[in-house]
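Counting in the numbering used here, the first sequence runs from 114 upward without gaps. Heads up, the thing below is written out as structure tokens.
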Amino acid sequence: MFDKKVRTRFAPSPTGFMHIGNLRTAVFTYIIARKYGGDFILRIEDTDLERYVEGAVDKIYETLRVCGLNWDEGPDVGGEFGPYIQSERKDIYIRYAEQLVRDGKAYYCFCTKERIDRLHEEQAAANLSLRTYDRHCRDLPEEEVKANLEKGIPYVIRQKMPTEGTTTFHDILYGDIVVDNTILDDQILIKADGMPTYNFANVIDDHLMGITHVVRGNEYLSSAPKYNLLYEAFGWDVPEYIHVEHIMRDATHKLSKRDGDAYFGDFVEKGFYVPAIINYIALLGWAPKGENEIFTLDELVNEFDISGLSKSPAIFDIQKMTAINAEHLRRLPHDEFKKIAMPFIKKTCSRDDIDFDVLINALQPRTELLTEISEKVDFIDALPEYSNDLYFNKKMKTNPETAAEALAIIKPVLEGVSEWNEENIHSALFAEIEKRGVKNGFMLWPLRVALSGKPLTPGGGIELAAILGKAETLSRIDKGIAQLS
RNA sequence: GGCGGGUUCGUCUAAUGGUCAGGACAAGAGGCUUUCAAUCUCUGAAUGUUGGGUUCAACUCCCACACCCGUCACCA
């Protein structure tokens, strides 16, 4: 299976944004190349002129780069098997198709689109289960072909399919798949506009570029046997195929653009951290050997094994993805998390005289999505209006009256803290708590409320005090006392 | 409809003839705690609610059936 250097390719069509299912295919493709010390090639399949979207190629580059899926050969970085954009390879395909015609394995077809449509309608009306081309031009006399060509009648090139027997196709995951040749259509190789069809261009390019492992979506499984016939016609070796199942929205629907969140960019916008996205989608349709499921891309390469790939569709679960995201964020070194979190903090917090390191420490274990951060720190700039009801806490046995008492005690204690840091605030407060023999919550719950005005905060009263600084802390305590009297 | 493929807790999956069918997310209960956060502990939850066969033994192999997905383009 790996007797020659592994070469894999990711071959997207520039028709829009990067779909998450497509990205997963890219991830698997990349991983296989890296895992076996091979090359990862990027090829742009733009043979459908009508569906081409301006800027889509740049989007592909950008997404792959952000994800760390670096390619060894491709349109922008070059390579010895270029060009890597199919529209620039037009002549190559035509040359190979014409070779097949000369060998009697393909033929010019002058049938109009209208004729084919009519044919299919008739077949449907006759309740035929098969709708194939009737091979009208398959055995046209040579003179007629020549005459038509000279007259400039538009044509396509079709492959002659065998009319009997079976074709066997092999997939690493699915094993041998055998189909009856009678169901095979004389497929079009070159379209009337001179562009190759996807099927044809794929075979030519994969062969010419020395691709050893083809990873692609499951939707190609049914048409796969046709490929073998093409390889056979040229006398080429067939690469290994790995078809991966779809990512589903639910049991009966694929994750599609209609769901609004099927694109890579959508997830980034929602606050997902890129390595976590990669990690999660890799887990959709693939399972590691051990019980750990948190991996960076490099770790995935290390951990990957084809036998872990699944043959059944996987339903996308945003909750699990969120959990994995949170875990990735938690594992980040302090400074790395700070770098990532800062832009989100800055969205609602303009102050820079606060203790960011304490804030980061409080935030890091509590962040599931990066976008939550902005809302979590919005009390720092200005204390929001809040209701005294927040001072009620059943478990802590606090209420507005006990809170007023507690804040009055806290104020002079904190005023006495000369070097303002988390540790000193903590020991000053706890000394007082011990002295008075009260519950921690008696003092700390009101402090947290007075400093934040929020029911939920990154950290408790001591951390908030450390973050806000002495002056701001004391001023907010005063505000709390005033509001309670 | 023909053809191809698939089917284990709600979800992702492990177990490729022998395990109390395991883990993670989610859910529920509890502990700790300065929060409804974080963390820890525990619980419930599945082999297609099908039917046959092979075998000492079937989630695993075979045959039906059911359901789901894909495909049948001058789209990829």
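In this text, a Cβ means the ideal position worked out from N, Cα and C, and glycines have one as well.
Under 8 Å between C-beta atoms of residue i and residue j
i	j	result
I360	G134	yes
L342	M434	no
G593	L520	yes
H233	L286	no
F555	T515	yes
F377	L136	yes
I522	C180	no
Y206	A314	yes
G384	E485	yes
Y344	V316	yes
K226	M308	no
Q596	N501	yes
Opposing strand residues paired with residue i [DSSP bridges]
i	result
L413	DSSP lists no partner for L413.
G550	None; G550 has no bridge partner.
K367	M361
R329	H356
P525	Note: P525 sits in no beta bridge, so no partner.
Y376	H132
W399	L422
G191	G187
N506	T511
T279	D293
Y221	I270
Identity of the residue in the options nearest residue i by Cα
i	options	result
A517	P525, K508, C250 and Y504	Y504
S425	I437, A364 and N315	A364
I145	L262, P559 and V327	V327
T142	Q272, V387, S598 and R120	R120
V381	A169, E175 and S588	E175
I467	V490, T511 and P478	V490
L476	T515, E412 and P446	P446
L321	G572, G348 and D252	G348
L601	K567, S423, G384 and E481	For residue 601 there is no data in the structure shown, the boundaries of the chain being 114 and 598.
R589	P254, P571, L496 and I266	L496
A436	I458, N474, D465 and I394	I394
A169	H249, G566, P125 and E358	P125
D161	A238, Q596, T409 and N312	N312
N331	E412, A427, D247 and Q212	A427
I324	I301, D350 and D379	D350
Cβ-based neighbour list, residue i, same chain, cut-off 6 Å, excluding 5 preceding and 5 following
i	result
T245	D298
G187	L155 and Y197
R147	V414
F123	A139, T142 and L155
K218	K273 and A346
I266	F223
Y499	G566
Inter-residue Cα distance where the pair is residue i and residue j
i	j	result
A400	L177	23 Å
K367	R329	16 Å
P127	K118	28 Å
D591	L569	21 Å
L472	F429	33 Å
N506	I493	23 Å
A578	E481	24 Å
G550	P456	43 Å
K510	V562	14 Å
D293	T279	4 Å
R621	F450	Residue 621 lies beyond the stretch modelled for the chain, which goes from 114 to 598, so this question has no answer here.
S531	I538	9 Å
D318	E167	24 Å
A541	G582	15 Å
K459	D465	9 Å
A584	P525	13 Å
D284	D216	29 Å
E277	N183	45 Å
P352	D289	14 Å
A337	V291	10 Å
G195	P571	53 Å
K548	G529	16 Å
C462	F469	11 Å
D448	Q432	27 Å
Contacts around residue i, its chain only, beta-carbon distance under 8 Å, and the 5 residues preceding and following it disregarded
i	result
E65	Here the chain has residues from 114 to 598 only, and residue 65 is not among them.
Y386	N438, H441, L442, I453 and L483
D152	K118, V119, R120, T121, A146, D185 and E186
Cutoff 7 Å; reference residue i; Cβ partners in own chain excluding five residues on either side
i	result
K172	F130 and M131
R251	Y220, K273 and D299
E535	V471, I575, E576 and A579
K304	V269 and T310
I546	N553 and M556
D159	S126, P127, Y165, I198, Q199 and S200
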